[in-house]
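Inspection log for the structure reproduced underneath, given as C-alpha cells.
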Amino acid sequence: MVLFLTVAQEAGQLRREDRCLAEVRLALEQVTVSSVRAPVAFISSSINERIAWLRPVINQHSAEAAVWLEPAGDASLTLYLVTLATGRAFLRVVEASSGPAAESELALALQELLGQAYLLGPKRESDPVIPVEENALIGDKQSVDDQVADHFRLSAGTLLTTGGGIAKHSGPSWRLGCGLTGEIWLSGATHLRVSFAVSRVPISVKRKGSIGGWAVGGEVGVGYSWRFGHIGIGPFLTVGGIRSATWIDVDAQENQTFSWWDLRGAAGVSLHLWLAERASIVLMPSLGVHGKQRNYLRDSDNSLIFSTPVLDWQLATGLQFRF
Numbered sequence: 074m075v076l077f078l079t080v081a082q083e084a085g086q087l088r089r090e091d092r093c094l095a096e097v098r099l100a101l102e103q104v105t106v107s108s109v110r111a112p113v114a115f116i117s118s119s120i121n122e123r124i125a126w127l128r129p130v131i132n133q134h135s136a137e138a139a140v141w142l143e144p145a146g147d148a149s150l151t152l153y154l155v156t157l158a159t160g161r162a163f164l165r166v167v168e169a170s171s172g173p174a175a176e177s178e179l180a181l182a183l184q185e186l187l188g189q190a191y192l193l194g195p196k197r198e199s200d201p202v203i204p205v206e207e208n209a210l211i212g213d214k215q216s217v218d219d220q221v222a223d224h225f226r227l228s229a230g231t232l233l234t235t236g237g238g239i240a241k242h243s244g245p246s247w248r249l250g251c252g253l254t255g256e257i258w259l260s261g262a263t264h265l266r267v268s269f270a271v272s273r274v275p276i277s278v279k280r281k282g283s284i285g286g287w288a289v290g291g292e293v294g295v296g297y298s299w300r301f302g303h304i305g306i307g308p309f310l311t312v313g314g315i316r317s318a319t320w321i322d323v324d325a326q327e328n329q330t331f332s333w334w335d336l337r338g339a340a341g342v343s344l345h346l347w348l349a350e351r352a353s354i355v356l357m358p359s360l361g362v363h364g365k366q367r368n369y370l371r372d373s374d375n376s377l378i379f380s381t382p383v384l385d386w387q388l389a390t391g392l393q394f395r396f
C-alpha cells in the first residue's frame, strides 16, 4: 500500500491534488493507493517532524511508502516520497514543470522510484541495505526528465483504418484497411510515431466503370499528448510514402491498370482511452495533403476515368500497449 497525503488548503491546490491522486492510482495499478489527510501544520513542519508524524501513520496502515505534493513556486511542482523502516528513512524529491501534463509526469516518475526501491515486487536477498541512523534522511533530488526521459517507453498496437479523398470530380472515394503502429515516448508527453498500413481500394475518385485496388504505405512523425486521468489527447504530424495500384473495368471489353508512388503529409489528433497504465484504445482522425494530383485517361477515347486527390481524410482506431 502507498499512502497519498492530502496537504492542500486552497481550492486550486485541492483540485491539483485530486488530479495527481488519480494519475498515481493509474500509474500504480497493482498497488493500493489510499488517501490520508495530513494535519494543517504538516507543511510548515520540518522534515524530521514530518517523518515523526508519518511513522505511526504508515505502520497503522501497513503501508510501504507515503507521498505528498507541494507547489514549488508558480513554475513547478514537487512530489515527495518517503519509505520507512526501523532505524532508517528513505526520501526522494521529484520536480516537474507546472503544466497540463505535470501530474502525469510525476506519477510516472513515482512509478520509477518505487520500482527502483523494489516496492513493486519481491525484495531480493542480494539487494544492498543502506544503514542510516534514526530519523536520518537519504536525499536525492531529481527532475522528471532524469526519471522518465532517460528510460524510453515503447508502445505498439494494431489499427483499423478508413479514409477518403477530396477532389473536384464526383464519385466514391474511400479505402478500408489495417495496420501496425509504434511509438517511442521520449518523455511523459512527447513521442515519435511510426506506422505501416495496407488498404483495400486506394484513395481515389471513380469517374466511370467498376474499380478495385490496394495501397501500402508507411509514415513517421511526432506527437504530443496531455493526460487527464484515463484520457490522453494531443496533436501529431506525420509524413510518409504510399505505393498504390488500381484496376478499372470500363466495360466488358476494356480494363486498365494504374500504379504510382505518392508522398503524404498529415496533421491530426490522437485520443487515448487508457484501460490500464499499459493498454489503451486509440482514435486518430487526420487530414492529409498529397504531393501531386494524377488524372488517368481511358485508352480508347482519352476521357477521364480516374483521378487521385490532393487532400484526404483518414480515421484510425485500435489497441495500443506500452512496454
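So the number in this note's numbering is just where the residue sits in the sequence shown, counting from 1, plus 73. For glycine and all other residues, C-beta sits at the position ideal for the given N, C-alpha and C. Computed from a predicted model, the values in this text were never measured in an experiment.
How many angstroms separate the CA atom of residue i from the CA atom of residue j?
i                 : j              : result
leucine 232       : alanine 270    : 8 Å
tryptophan 120    : leucine 78     : The amino acid at residue 120 is misidentified as tryptophan; the sequence shows isoleucine. In a straight line, the C-alpha of isoleucine 120 is about 14 Å away from that of leucine 78.
serine 177        : valine 293     : 25 Å
alanine 180       : glycine 285    : 49 Å
valine 130        : glycine 296    : 42 Å
lysine 365        : glycine 238    : 13 Å
tryptophan 334    : glycine 307    : 30 Å
arginine 165      : isoleucine 124 : 13 Å
arginine 351      : arginine 248   : 30 Å
tryptophan 299    : glycine 230    : 20 Å
glycine 250       : tryptophan 386 : 14 Å
arginine 273      : glycine 255    : 22 Å
valine 342        : methionine 357 : 6 Å
isoleucine 257    : leucine 265    : 5 Å
threonine 235     : leucine 388    : 5 Å
valine 383        : histidine 363  : 5 Å
arginine 88       : alanine 174    : 14 Å
arginine 98       : tryptophan 347 : 12 Å
phenylalanine 394 : glycine 252    : 15 Å
leucine 344       : arginine 161   : 44 Å
isoleucine 378    : glycine 291    : 27 Å
phenylalanine 115 : alanine 182    : 23 Å
glutamate 102     : glutamate 83   : 28 Å
valine 140        : glycine 172    : 20 Å
glutamate 122     : isoleucine 304 : 38 Å
glycine 361       : glutamine 86   : 41 Å
For residue i, write down the residues that DSSP places opposite it in a beta bridge.
i              : result
histidine 345  : Gly305 and Val355
arginine 316   : Val289 and Trp334
arginine 248   : Gly236
isoleucine 284 : Ile321
valine 106     : Val75
isoleucine 257 : Leu227 and Leu265
glutamine 329  : Ile321
histidine 363  : Arg337
valine 295     : Leu265 and Leu310
leucine 154    : Val140 and Arg165
serine 177     : Serine 177 is not bridged to any residue.
serine 149     : Ser170
arginine 300   : Gly305
Using beta carbons (cut-off 9 Å, strictly below), is residue i in contact with chain B?
i              : result
tryptophan 141 : Here there is only one protein chain, and chain B is not present.
Taking residue i as part of the alpha helix (DSSP H), name the residues at either end of that continuous run.
i              : result
isoleucine 116 : First-last for isoleucine 116: undefined, no H or E at that position.
glutamine 86   : 84-100
Within 10 angstroms of the Cβ of residue i, are there 16 or more other Cβ atoms? Answer buried if so, exposed if not.
i                 : result
alanine 339       : buried
phenylalanine 396 : exposed
isoleucine 315    : buried
threonine 288     : Note that residue 288 is alanine in the sequence shown here, rather than threonine. By the neighbour-count rule (16 or more Cβ atoms within 10 Å), alanine 288 is buried.
serine 107        : exposed
arginine 92       : buried
glutamine 133     : exposed
serine 376        : exposed
arginine 337      : buried
serine 353        : buried
glycine 188       : exposed
valine 113        : exposed
valine 75         : buried
threonine 319     : buried
leucine 186       : buried
threonine 381     : buried
leucine 227       : exposed
Over the uninterrupted beta strand (DSSP E) stretch that includes residue i, give me the two end residues.
i             : result
aspartate 385 : 384-395
serine 170    : 161-170
proline 144   : 138-144
leucine 264   : For the sequence presented, residue 264 should be read as histidine rather than leucine. It spans 263-273 - the beta strand (DSSP E) in which histidine 264 sits, taken as one unbroken run.
leucine 370   : 368-370
serine 380    : 377-380
**Asked** Can at least three beta-carbon pairs, one atom from the segment 326-334 and one from the segment 367-384, be found at a separation below 8 Å?
**Response** With the cut-off at 8 Å, the segment 326-334 and the segment 367-384 touch.
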